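Undergrad: Last residue of the sequence shown: 316 in UniProt numbering, with the numbers rising by one and none dropped.
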Amino acid sequence: MTPVVSQPVEGALTHSAIFITLTVNQGADDLQKFRDLCGDLPSLIRAVSFRSPSAGLTCIVGLGADLWQRLETGATPAGLHPFREINGVHHAPSTPADVLFHIRASRTDFCFELAAEIMSRLEGAITLQDETQGFKFFDNRDLLGFVDGTENPAGLALTEAVLIGDEDAVFRGGSYVITQKYMHDLTAWKAMTVERQEQIIGRQKLSDIEFPDDKKASYAHNVLTNINDAEGNQLQILRDNMPFGSPSHKEFGTYFIGYSCEPERTERMLNNMFIGDPPGNYDRILDVSNAVTGCLFFVPSTEMVDAIAQGEKITG
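Structure follows, in structure tokens:
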């Protein structure tokens, strides 16, 4: 069997990132312009990276359900569908987009330059939904002051968590990604005691040490997002979240981005957070964190991106 080359979804958290979501306009020329960009993207990354390969510049392309149907690939990933709105104690909106560009590097200028090249190539063919520039905050902390991504898998466990395998063989090496943009009420958060904040998260703020299970609240964030399969095995995802914000505009947020081999994993975690497990036992972090976007994308293998660029059908 020929090895499948995945997009770099397993990459480590970087110093800088830009997240772009957009829709492709309805004309045939617009769709072709996007195909052309898919074909040119590797050379664009190389051209920008040439200045300093050590910057580790990468770009992941995710495709939404509506665009996938327009591309007429001949096959559809089993888990691809628009993000499903969640109505619980708090609300998670669905704001579907056609394309996600997740650009990462150790330097902000490299992310910026690649984003500029991509948007220049797509000018006139797309409608921007959102662009968010994320940054590393101290020792991988979010703006609430807690370390983010502590429970991310590593090694073989990471590969198994994020990459599709033989369960959907045509799309082996692909992944799914769910994105949400959260805005934080830091005034309300900072009004809480550290002890209350730690109770909500389920770990110590300074040391990042997780509380023993018998000391965790049933609504703690790390309780509600810990899910298992029918045999009791933990189901993991990769979180590549990054803070963003504008102090002068009093905007403080987290860009949630979760990769997994099946979107149901992340969806279960979000349902537990917004609806509660059991219903009503929701994630109290949502009392100060408001979700304003919600998207779901399929991340094809590099070979599949090439096939899309060429307008080829996808077969097993």
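Cβ coordinates follow ideal geometry from the N, Cα and C atoms, glycine included. The structure presented is a predicted model; accordingly, all values stated were derived computationally and were not measured.
(1) Cα-Cα, which of I275, K190, T76 and L63 is closest to V89?
(2) Would you grab the beta carbon distance between G64 and D98 for me? Rounded to a whole angstrom, and I think it's under 8 Å.
(3) I believe T254 touches P243 by the beta-carbon criterion, under 8 Å. Please report the beta-carbon distance rounded to the nearest angstrom.
(4) Any idea if S43 is buried or exposed, counting beta-carbon neighbours within 10 angstroms, 16 or more meaning buried?
(5) Nearest-angstrom Cα distance between E151 and N271?
(6) Please classify G113: is it buried, with 16 or more other beta-carbons within 10 angstroms of its beta-carbon, or exposed?
(7) In the DSSP assignment, find the alpha helix (DSSP H) that holds M119 and state where it starts and stops.
(8) Only counting the same chain, and skipping five residues up and downstream in sequence, which positions put a Cβ closer than 6 Å to that of G134?
(9) Once DSSP output is grouped into helix, strand and coil, what is the label at R46?
(10) Taking R172 as the reference, give the member of G79, F252 and N25 with the closest Cα.
(11) I'd like to know if the region 137-146 and the region 52-71 are in contact, where contact means that at least 3 CB-CB pairs between them fall below 8 Å.
(12) Among the candidates V305, Y182 and Q32, whose CA atom is the shortest distance from the CA of E251?
(13) Here's a check: name, in chain order, each residue in its chain whose Cβ is nearer than 6 Å to the Cβ of P8, leaving out the five neighbours to either side.
(14) Please classify S248 as buried or exposed, where buried requires at least 16 neighbouring CB atoms within 10 angstroms.
(15) Hey, which unbroken runs of the beta strand (DSSP E) at 3 residues or more fall wholly within the region 127-210?
(16) Return the chain-ordered list of same chain residues with a C-beta closer than 6 Å to the C-beta of L107, the five sequence neighbours on each side being excluded.
(17) Using the beta-carbon count (16 or more within 10 Å), is F138 buried or exposed?
(18) Would V177 and F297 qualify as a contact pair, given that the criterion is a beta-carbon distance under 9 Å?
(19) Once the 5 residues before and after G62 are set aside, which same chain residues still bring their CB inside 6 Å of it?
(20) Within the continuous alpha helix (DSSP H) that includes H221, where are the two ends?
(21) According to the neighbour-count rule (16 or more other Cβ atoms, all chains shown, within 10 Å of its Cβ), is G174 buried or exposed?
(22) Helix or strand or just coil, what does DSSP make of I87?
(23) In whole angstroms, give me the CA-to-CA distance for I60 and A125.
(24) Ends of the beta strand (DSSP E) at P263?
(25) Taking Cβ positions, are G74 and T266 nearer each other than 9 Å?
(26) Give the DSSP bridge partners of N228, in chain order.
(27) Nearest by alpha-carbon distance to N87: which of E303, D306, L286 and V4 is it?
(28) On the CB-based measure, 16 or more other CB atoms within 10 Å of its CB, does H102 come out buried or exposed?
(29) Taking T315 as part of the beta strand (DSSP E), name the residues at either end of that continuous run.
(30) Identify every residue that forms a DSSP beta bridge with F244.
TA: This is what the structure gives:
(1) I275
(2) 5 Å
(3) 6 Å
(4) exposed
(5) 19 Å
(6) The question names Gly, but residue 113 in the sequence shown is Glu. Classification of E113: buried, given that the 10 Å Cβ count is 16 or more.
(7) T108 to R121
(8) A17, M242, F244 and Y255
(9) helix
(10) G79
(11) no
(12) Y182
(13) T58
(14) exposed
(15) 175-184
(16) The residue asked about is misnamed: residue 107 is Arg in this sequence, not Leu. So the qualifying residues of the chain are A55.
(17) exposed
(18) yes
(19) L100, V177, F297 and V299
(20) H221 to L224
(21) buried
(22) A small fix is needed here, since residue 87 is Asn in this sequence, not Ile. N87 falls in the strand class under three-state DSSP.
(23) 20 Å
(24) Careful: P263 lies outside any beta strand (DSSP E), inside the alpha helix (DSSP H) at P263 to F274.
(25) no
(26) Q234
(27) L286
(28) buried
(29) Element bounds for T315: n/a, residue is neither H nor E.
(30) G253
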